[in-house]
Amino acid sequence: MELTLTKEKDNAFLRRKEIEGTITFVGATPSKATITEAFSKKTGSAKELIVTKGIHTTYGSQTANVSAYTYTDEKSRNQGEPLTHVHRKKVAEEKKKAAEAAKGA
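Going by our numbering, the sequence shown wraps up at 98, each residue one higher than the last.
The structure is reproduced here in C-alpha cells:
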C-alpha cells in the first residue's frame, strides 16, 4: 500500500490538520486502522491523534481517496470527535472493572 498526500489544511480553531490523500493497494480495500498507521508514518504524528474520516474507492480500481484529521493533543481530539459505539462500550467496560476492583479491595 502506498499513500500520497494531496491536500493538507491547518485548522487552528479545532487544533487539527485536515489531510487528504490517495492510496494505491492490491487486493481488498485497507482498513481504517491500516490507513491510520500509514498517515502516522507519513506525517510523523502519533496514531492515537489521527482519525480516519473516509475511504472512497472507485469501482474496479485499486486506488482510493482517503481523508483524516490529525489533532495536536488528546484533549482536542476528545472534544472534536464523538465517541463511537465501540469506544463507548470500551469506556463502560473499563468503568465496570474499576468499580469491581474498588469493591473487592
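By construction, the Cβ of each residue, glycine as well, lies at the ideal position given by its N, Cα and C atoms.
{"Asked": "E87 in three-state terms, based on DSSP", "Found": "helix"}
{"Asked": "Any non-hydrogen atom of the ligand ZN closer than 8 Å to E86 Cβ", "Found": "For the ligand ZN, the structure offers nothing, since it holds no ligand at all."}
{"Asked": "Selected residue, minimal CA-CA separation from E11, among T22, R81, V59 and G53", "Found": "V59"}
{"Asked": "4-residue-minimum alpha helix (DSSP H) runs that sit fully inside the region 30 to 78, ordered along the chain", "Found": "67 to 73"}
{"Asked": "Same chain, Cβ closer than 8 Å to A39, five either side skipped, listed in chain order", "Found": "S33"}
{"Asked": "Helix, strand or coil at T22 according to DSSP, with G and I counted as helix", "Found": "coil"}
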